[in-house]
Amino acid sequence: MQAKKAILTALFLGTATLTAGAYADDVGPDQAMKLVQDGKVKPFEELNKAALDQHPNAKIEETELEKEFGGYVYKVELRDQDNVQWDVELNAANGEVIRNERDD
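With mature numbering (1 follows the signal peptide of the UniProt record, and there is no 0) applied, the sequence shown covers -24 to -1, 1 to 80.
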């Protein structure tokens, strides 16, 4: 159990800042693990793979799970072989790509 918590904690390297008008809340590691166990969000390994499928050979730099507008969004920052950073957002319930943009 402690190993799973350590892995989940590592997955949540970044913390999002709520800005005025944004309707997002960070999901902590314990709550995230419960959501996965309850089948409300896909396992993080699957979500990471879906993000990496968008940019093969990229490396994950940061991930976070947020509750937005009643659903869950998994946000991944990637850096590709050319040192370009990408922001990929996925519907955490089904793994569908919501956003895939170069981070300038």
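Where is the CB? At the ideal position from N, CA and C, for every residue including glycine.
> If V12 sits next to P5, beta carbons under 8 Å apart, how far is it from one beta carbon to the other, in whole angstroms?
Replying inline: With a Cβ gap of about 11 Å, V12 and P5 do not count as contacting.
>> Rounded to whole angstroms, what is the Cα-Cα separation between residue 93 and K10?
In response: The requested residue 93 does not occur in the structure, where the chain is confined to residues -24 to 80.
>> According to DSSP, simplified to helix, strand and coil, what is T(-16)?
In response: Because the pLDDT of T(-16) is 41, which lies under 50, any placement of that residue in the model is unreliable, and the question is left without a value.
> For K16, is the classification buried or exposed, using 16 other Cβ atoms within 10 angstroms of its Cβ as the cut-off for buried?
Replying inline: So K16 ends up on the exposed side.
>> Looking only at its chain, what residues have a beta carbon closer than 6 Å to the beta carbon of N59, apart from the 5 residues adjacent to it on each side?
In response: Hits under 6 Å: none found.
> Using a Cβ-Cβ cut-off of 6 Å (strictly less than) and excluding sequence neighbours within five positions of A27, which residues of its own chain qualify?
Replying inline: Excluding residues up to 5 positions away in sequence, V52, V64 lie with their Cβ nearer than 6 Å to the Cβ of A27 in the same chain.
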